[in-house]
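Each residue of the sequence shown is one higher than the one before, counting from 1 in full-length UniProt numbering. Built from N, CA and C at the ideal position, the CB exists for glycine as well.
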Amino acid sequence: MNLNDKLINIEQLSSNDVLESLTTAILVLDTNLRVCYINTATEVMFEISQRQAEHIPFQTLLPGETHLLTSLRRVISNGQALIEREIQLFLPAAGEIVVDCSIKMLDVAEPRLLVELAQLDYQQRVNRDENLHTQQQVVRGLAHEIKNPLGGLRGAAQLLERQLDSDDLKEYTQIIINEADRLQNLMTRMLGPYQQSEKNQVNIHEVLQRVRQLVDIEVDERLKFIADYDPSIPELYADFDQLIQIVLNIVRNAVQAMHGAGVIRLRTRIQRNLTIEKRFHKLGVLIEVEDNGPGIPKQLQDSLFYPLVTGRADGTGLGLYLVQNLVQRNAGTVSCTSHAGQTIFSIIFPLELKP
């Protein structure tokens with residue numbers, strides 16, 4: 001069903017559950033390009049409430065934007081619907097985003113414009129998560145196949161060592177045993193934590209505080225933490241220890257990238273109307289770990305959560321892979337944006353009551 005066909009009059013818009021459940025931003029403007037209505041996704045995108053947005057000029061939401069304004073005026077002038085692909089917009093709160101934009105005149109008592117903004121990185125994130133899930137299944141299968149014969153290999157080397165009299169030859173069997181142990185440990189880490197998640201109601205700020213305490217022991221005064229928390233966030237249903245491991249891995253990566261000197265900002269926010277693993281959730285919690293380090297190399301960013309991908313000579317490439325694994329075990333999603341001077345890891349978990 002066409003969304004526009006469901007809109008009969010402007011009074012219905014604010015109570016239309018269809019609009020409120022959409023993950024795309026919906027705005028209704030009058031012919032003077034003043035805001036009449038925005039849905040929840042628009043509130044999140046522009047970080048403004050319906051009450052704050054009502055009757056303000058559209059230009060106030062996107063200062064300096066001229067291309068989209070021209071398109072809006074064209075639709076008002078000729079009444080023809082318009083679709084714009086891959087428009088770059090700069091949001092005062094969130095920075096640059098890329099959207100597909102649909103504009104149409106509404107057939108209501110007074111002329112109104114319906115504007116829909118679909119942020120492109122949402123679908124890209126869905127595709128990335130699906131590809132990563134497939135990659136993880138392949139890796140776990142390979143890890144099992146490699147791990148199974150390692151015990152036999154190690155045992156055979158030990159038996160051989162007992163039959164040898166030469167210390168020089170025993171040195172070679174020790175190499176086999178040590179390498180088998182190393183590979184066994186590597187495969188165990190690639191398979192991820194094997195214990196079942198123990199989920200309970202968790203205060204996310206207690207998790208972040210525990211991580212700060214752990215990291216404070218390892219660093220000196222050159223590293224500064226900034227807490228930017230939303231105190232209204234309710235408890236979420238998750239595994240407390242696994243959440244600590246998730247944030248701790250990310251924070252330690254940031255510390256290593258900044259060589260122990262810099263600023264790490266821990267931020268929490270409420271998210272509304274989000275889709276995780278193809279499931280719609282009315283509420284979620286966003287946890288961001290932001291640092292002012294050198295940034296992640298461009299060539300690594302698309303494969304950041306894949307196993308054995310690392311930018312450090314001494315890295316195993318398993319830390320962020322395990323982060324992704326643990327986030328998924330707790331029904332969440334994780335993503336990263338990075339450039340020189342700023343890296344942000346964003347973790348989102350649904351806020352739901354204990355089943």
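Within this structure, are the beta carbons of residue i and residue j separated by less than 8 angstroms?
| i | j | result |
| --- | --- | --- |
| residue 341 | residue 284 | no |
| residue 153 | residue 118 | no |
| residue 243 | residue 330 | yes |
| residue 74 | residue 82 | yes |
| residue 326 | residue 245 | yes |
| residue 302 | residue 343 | no |
| residue 338 | residue 346 | no |
| residue 44 | residue 272 | yes |
| residue 120 | residue 98 | yes |
Would you list the residues sitting across from residue i in a DSSP beta bridge?
| i | result |
| --- | --- |
| residue 258 | DSSP, once it has assigned bridges, lists no residue as partnering residue 258. |
| residue 337 | 344 |
| residue 287 | 268, 347 |
| residue 91 | 95 |
| residue 112 | 106 |
| residue 238 | 200 |
| residue 227 | 266 |
| residue 100 | 118 |
| residue 233 | DSSP, once it has assigned bridges, lists no residue as partnering residue 233. |
| residue 37 | 28 |
Give me the residue from the options with the minimum Cα distance to residue i.
| i | options | result |
| --- | --- | --- |
| residue 87 | 343, 335, 96, 172 | 96 |
| residue 359 | 235, 233, 264 | Given a span of 1 to 355 for the chain in the structure shown, any question on residue 359 remains unanswerable. |
| residue 260 | 110, 226, 28, 218 | 218 |
| residue 231 | 204, 327, 214 | 204 |
| residue 223 | 22, 262, 328, 297 | 262 |
| residue 216 | 54, 255, 199, 170 | 255 |
| residue 184 | 114, 234, 57, 146 | 146 |
| residue 72 | 91, 63, 227, 114 | 114 |
| residue 33 | 92, 102, 52, 112 | 112 |
| residue 220 | 258, 176, 98, 56 | 258 |
| residue 52 | 241, 64, 102, 37 | 37 |
| residue 148 | 162, 182, 187 | 187 |
| residue 252 | 84, 50, 293, 49 | 293 |
| residue 178 | 210, 167, 151 | 151 |
| residue 287 | 351, 279, 297 | 351 |
| residue 225 | 235, 212, 234, 233 | 212 |
| residue 241 | 199, 101, 280 | 199 |
| residue 106 | 210, 298, 28 | 28 |
| residue 78 | 104, 63, 50 | 104 |
| residue 233 | 210, 206, 214 | 206 |
| residue 328 | 176, 239, 304, 31 | 239 |
| residue 30 | 157, 39, 56, 50 | 56 |
| residue 176 | 168, 157, 166, 167 | 157 |
| residue 305 | 322, 48, 39 | 322 |
| residue 174 | 300, 297, 161 | 161 |
Rounded to whole angstroms, how far is the Cβ of residue i from the Cβ of residue j, which I believe are closer than 8 angstroms?
| i | j | result |
| --- | --- | --- |
| residue 201 | residue 237 | 6 angstroms |
| residue 276 | residue 332 | 7 angstroms |
| residue 24 | residue 41 | 6 angstroms |
| residue 289 | residue 250 | 5 angstroms |
| residue 116 | residue 26 | 6 angstroms |
| residue 20 | residue 35 | Their Cβ separation, rounded to whole angstroms, is 16 angstroms, which puts residue 20 and residue 35 out of contact at 8 angstroms. |
| residue 89 | residue 110 | Not confirmed; about 27 angstroms, so no contact. |
| residue 91 | residue 58 | Not confirmed; about 13 angstroms, so no contact. |
So, does the CB of residue i fall closer than 8 angstroms to a CB anywhere in chain C?
| i | result |
| --- | --- |
| residue 39 | Given the protein chain composition of this structure (a single chain), no chain C is represented. |
Complete runs of the beta strand (DSSP E) confined to the segment 145-202 [at least 3 residues]: The segment 145-202 contains these whole beta strand (DSSP E) runs: 199-202.
Contained alpha helix (DSSP H) runs [length at least 4] in the segment 42-94, N- to C-terminal order: Annotation: the segment 42-94 contains the following complete segments of the alpha helix (DSSP H) (minimum length 4 residues), in chain order: 50-53, 58-61, 67-78.
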